[in-house]
Amino acid sequence: MPQKTLKDIAEHVGGRVIGDSEILIESASTLDSAGAGQITFLSNPKYAPKVKKTHASAVLVAEQVETNAAQSVTEDPYYAFMQAVVLLHGHREHPNTGVSPKADISESAKIGQNCNIHPFAIIHDNAVVGDNCQIYSGVFIGPNVTVGNDCILYPNAVIYDGCQIGDRVIVQSNASVGQDGFGFATHKGEHHKIPQIGIVVLEDDVEIGSNAVVERGTLENTIIGKGSKIGDSVTIGHGAKIGPHCLLVPQAGIAGSAELGHHCVIGGQVGVVGHIKVGNMVTVAAQAAVINNVPDGSTLLGAPAVEANKGKRAYALIETLPDMRKKIRTLGKEIDKLKDK
Amino acid sequence: MPQKTLKDIAEHVGGRVIGDSEILIESASTLDSAGAGQITFLSNPKYAPKVKKTHASAVLVAEQVETNAAQSVTEDPYYAFMQAVVLLHGHREHPNTGVSPKADISESAKIGQNCNIHPFAIIHDNAVVGDNCQIYSGVFIGPNVTVGNDCILYPNAVIYDGCQIGDRVIVQSNASVGQDGFGFATHKGEHHKIPQIGIVVLEDDVEIGSNAVVERGTLENTIIGKGSKIGDSVTIGHGAKIGPHCLLVPQAGIAGSAELGHHCVIGGQVGVVGHIKVGNMVTVAAQAAVINNVPDGSTLLGAPAVEANKGKRAYALIETLPDMRKKIRTLGKEIDKLKDK
Amino acid sequence: MPQKTLKDIAEHVGGRVIGDSEILIESASTLDSAGAGQITFLSNPKYAPKVKKTHASAVLVAEQVETNAAQSVTEDPYYAFMQAVVLLHGHREHPNTGVSPKADISESAKIGQNCNIHPFAIIHDNAVVGDNCQIYSGVFIGPNVTVGNDCILYPNAVIYDGCQIGDRVIVQSNASVGQDGFGFATHKGEHHKIPQIGIVVLEDDVEIGSNAVVERGTLENTIIGKGSKIGDSVTIGHGAKIGPHCLLVPQAGIAGSAELGHHCVIGGQVGVVGHIKVGNMVTVAAQAAVINNVPDGSTLLGAPAVEANKGKRAYALIETLPDMRKKIRTLGKEIDKLKDK
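Spelled out as structure tokens, the structure:
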């Protein structure tokens, strides 16, 4: 395991050292578990008491704290921690397979420089794959798909025909991008498939989680905006537009033609119904059901979703409904007695 | 792009032209986006004002409307639109791979005429695949599976041993059909797997979405009725029976041994508990929890699910619980004052 | 179909026969469907009337009941039924492919005795697979993964680098184990991937359902305890710890760093938020939202989840909110009238 001095790390993250800058760090860990040779971080002030008792050799902090560990003070300690983890552990190293002769690559496909195309990957006619891409086994890149530079497609990810993928996009295992939208014309009791002629566009720096599904558009494209991260098992309906820099936590579902602004955070198992507009910087708590347009900057919770401040208390009061009902009955009886007097 | 005259299209959909029947149409689009050379449709009368302002060259309508576009009047304009999209754009054209020597096909399997079996597809012992099927890469067709004619199995779809698939069935990418049901006998704190000896039957014209899962039955078969469409990431429990012509929107879950009638529409993220009967033509709103038998023709919403008419208002009132609680307290105090008098 | 006498079956399950012990049984079925030559079971006493009318040749019961069928009396009839199904039908027989030359196995990987490694399976550098394993087509076993003995990995299951799998583990089709946790450091509006340096540990006798996702840990490992069964389309967040012998029903979601004790039963579509502790032997009803620590032995329901006894009535009362609201208004008016007097 390569070691770094705290000084090295502090320089890398732009931090100021308090304490022993020559102390050796070999790995990163959590505040609870970190021990000698490890670095941790404090970003939420409520955990400050834990820093006081940490056995870590060093801690990344936003301002000097009371602790025996050496400190690196930096503006955004969680971001600094991410940088430290990259420095110490690195991102995944990909197998250096080159373009495997066991992959099935169409003669009309174009593959960039320095790609690893694993055995049993499929690249169809007229597909284009940029430079430095990792295309794992079982990946399907359909006809006319374009994949930018520095992309990683993990095993068994499927990209249907014609979809467009930007640079530095990651698609995790078993994800499906560009499947037919759930669009049928029902006529005399039978459901007839409407050809889904839109595609899916994954802009730069998007990540799609394992087993997530992004449907292609019926007539217009489904778009995942730059830098947005889609969690595992999320589904995105046909023609939905997800703005840039959103986070969609696992198992969320965005129905067809819904639109999200930028920097939205959609909690796990949330449902957003179709054809509504969710503004910018909207946060939705887990399991909520968003059924109406949402103004910029809102924080919502509940099913149906309401503004979080009032909603939190409201949903917590469901538990008291039997008491409320009883109380109402009691009041009714008391009123009847008063009337009788 | 091939062009059609409005007359051609109107004949194809059985419509009556109002306006220029020779106008050339090359593609289909939405009411909002359609421009010159495009055709759109009006099926929901509330969008009629948009038709008045559309830049489309033609519009499919149920009755004559005020618009500058040429019109084709037809009984079911959404169905006509589907037909027009098929005419103009067609369904997906599948790569003409023939039976790839890179597929792995058992000698005892039977493959029909005119099939495309892509590289790295697997067809196991005694499996039968009908005519005109598209079996994409990474598809697994287990031992003794039967697949009818004109089926499409998209990349990495898995059909476990013994399952039966009718004609014109579509299974989208990464879907799993016939995995073991979630059935365990718990004895002295350990969960013992019960062999799942039922199969999955997908009747004619069924579609299974990407990453959806249909479990095989424990003792009786799991059945998806003719023409039913199962959205992406839906899960169907062991032994469930889905009637014909149902729509199950993405992420819905139907637990084991539940039964749905015909023409049910189950919203996204809905849960239906096991061993209950949902009648015919039942509609369930997104995220609802259906925990009891449901009579024919019901419309439900909420968790727990209740009849929609009263449920909609009831669930909306959760938000007012803090006010209700306060009001009850106030009434209590006023009554106390009255008593004191 | 091989036949067994009821005597054979009773001996196998440790039961005492009442009636004809020589009667021939060839298959197992449900109480409703079983006919001549079939065995069924009664574990829930409420179905006793059905046993009276069953056409089954034999029934497994906990104590003697009134029926024309022969009976085998045993302590735990559902467990006995599982044993009888195994005796009569057996578990799935796996294709005997041996180590296929069409699989892609690294020279540095170690494969145990008696394994079937199917065509187009991938086993990467330094991976270890134990004895008697079934590795189906399209399975990806990443670098440095270890798989124990007697494991079954169904088609297109993906095990990311470094994950550790115990003995007798089953991973169903299209499941993803060890994908990157949903961990990003957001800095100046952009989300930066934190390397996920933990792994996933699946202890002995774990089963992972089709299309389920288990994320690897950010810094600490994600652990699924011995004997736990994870349903299809379940997602387990990074660093979560699931205790031994839990059942997680399909579509449940456990967020990052949540901890579950032993013998928990988590219903379908349940959400458990991150960083909380759920005790031992906790049962959570379908679709509930668990947002706080849960003591041992609790039974919860609802969103937000509350103790089941009071919760069941509380959630059912949501339906009455319009009435309650009306009643409160009426009381207010009556009080006003009383005041006026």
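Chains as they are written, first to last, in the numbering used here: chain B, 6 to 346; chain L, 6 to 346; chain A, 6 to 346.
All C-beta atoms, glycine included, are put in the ideal place defined by N, C-alpha and C.
These figures come from a predicted structure and were not determined experimentally.
Check: For residue 1(B), the three-state DSSP class (helix, strand or coil); Outcome: In the structure displayed, chain B extends from 6 to 346; residue 1(B) sits before or after that span and is not available.
Check: Bridge partner(s) assigned by DSSP for residue 278(L); Outcome: Residue 278(L) is not bridged to any residue.
Check: Same chain, Cβ closer than 8 Å to residue 203(B), five either side skipped, listed in chain order; Outcome: 186, 221, 222, 223, 224, 225, 226, 227, 243 and 244
Check: Residue 231(L) classed as buried or exposed, judged by whether at least 16 other C-beta atoms fall within 10 angstroms; Outcome: buried
Check: Supposed close pair residue 340(L), residue 340(A) - CB separation, criterion 8 Å; Outcome: 6 Å
Check: CA nearest to the CA of residue 133(L), picked from 146(L), 124(L) and 194(L); Outcome: 146(L)
Check: Minimum Cβ-Cβ distance from residue 236(B) to chain L less than 9 Å; Outcome: no
Check: Endpoints, the alpha helix (DSSP H) within which residue 231(B) is located; Outcome: No alpha helix (DSSP H) contains residue 231(B), which DSSP labels as neither H nor E.
Check: Chain B contact for residue 124(L) (CB, 9 Å cutoff); Outcome: yes
Check: Under 8 Å by beta carbon: chain L residues contacting residue 177(A); Outcome: 181, 184 and 185
Check: Pairwise C-alpha distance: residue 50(L) and residue 69(L); Outcome: 12 Å
Check: For residue 289(B): DSSP bridge partner residues; Outcome: 271(B) and 305(B)
Check: Through-space distance from residue 273(B) to residue 266(A), alpha-carbon basis; Outcome: 22 Å
Check: Near the ligand MN: residue 82(B) beta-carbon under 8 Å from a heavy atom; Outcome: What this structure holds is no ligand at all, so the ligand MN is not there to describe.
Check: Endpoints, beta strand (DSSP E) assigned at residue 198(L); Outcome: 195-198
Check: Limits of the beta strand (DSSP E) - the one that residue 191(B) falls within; Outcome: 189-192
Check: Coil, strand or helix - residue 342(B) by DSSP; Outcome: helix
Check: C-alpha gap between residue 164(L) and residue 128(L), whole angstroms; Outcome: 10 Å
Check: Contacts of residue 81(A) in chain L (Cβ-Cβ under 7 Å); Outcome: 192
Check: Residue 75(L) - containing beta strand (DSSP E), residue span; Outcome: 75-78
Check: First through last residue of the alpha helix (DSSP H) which encompasses residue 88(L); Outcome: 82-94
Check: Partners in chain A for residue 289(B), counting only beta-carbon separations shorter than 9 Å; Outcome: Simply none; closest approach about 13 Å.
Check: Contact with chain B by residue 324(L), beta-carbon distance below 9 Å; Outcome: yes
Check: Same chain only: Cβ atoms within 7 Å of residue 282(A), ignoring 5 sequence neighbours per side; Outcome: 264 and 298
Check: Selection of the stretch 223-249 of chain A by Cβ proximity to chain B, strictly under 8 Å; Outcome: 224, 225, 238, 240 and 242
Check: At least 3 beta-carbon pairs within less than 8 Å: the stretch 98-115 of chain B vs the stretch 21-38 of chain B; Outcome: no
Check: Contacting positions in the stretch 308-340 of chain L - beta carbon closer than 9 Å to chain A; Outcome: 308, 309, 311, 312, 315, 316, 318, 319, 320, 321, 322, 323, 325, 326, 329, 332, 333, 335, 336, 339 and 340
Check: Residue 154(L) to residue 229(L) span [Cα, whole Å]; Outcome: 17 Å
Check: Other residues of its chain near residue 304(B): CB distance less than 6 Å, five sequence neighbours each side excluded; Outcome: 288 and 313
Check: Buried or exposed by the 16-neighbour rule on C-beta atoms within 10 Å, applied to residue 330(L); Outcome: buried
Check: Neighbour flag for residue 86(A) against chain B, beta carbons, 9 Å; Outcome: no
Check: Option in 285(B), 328(B), 151(B) and 278(B) with minimal Cα separation from residue 291(L); Outcome: 278(B)
Check: From 67(B), 47(B), 64(B) and 72(B), residue whose alpha carbon lies closest to that of residue 58(B); Outcome: 72(B)
Check: Span separating the alpha-carbon of residue 196(A) from that of residue 18(B); Outcome: 16 Å
Check: Buried or exposed (CB count within 10 angstroms, at least 16 for buried), residue 123(B); Outcome: buried
Check: Residue 200(A) to residue 106(B) span [Cα, whole Å]; Outcome: 31 Å
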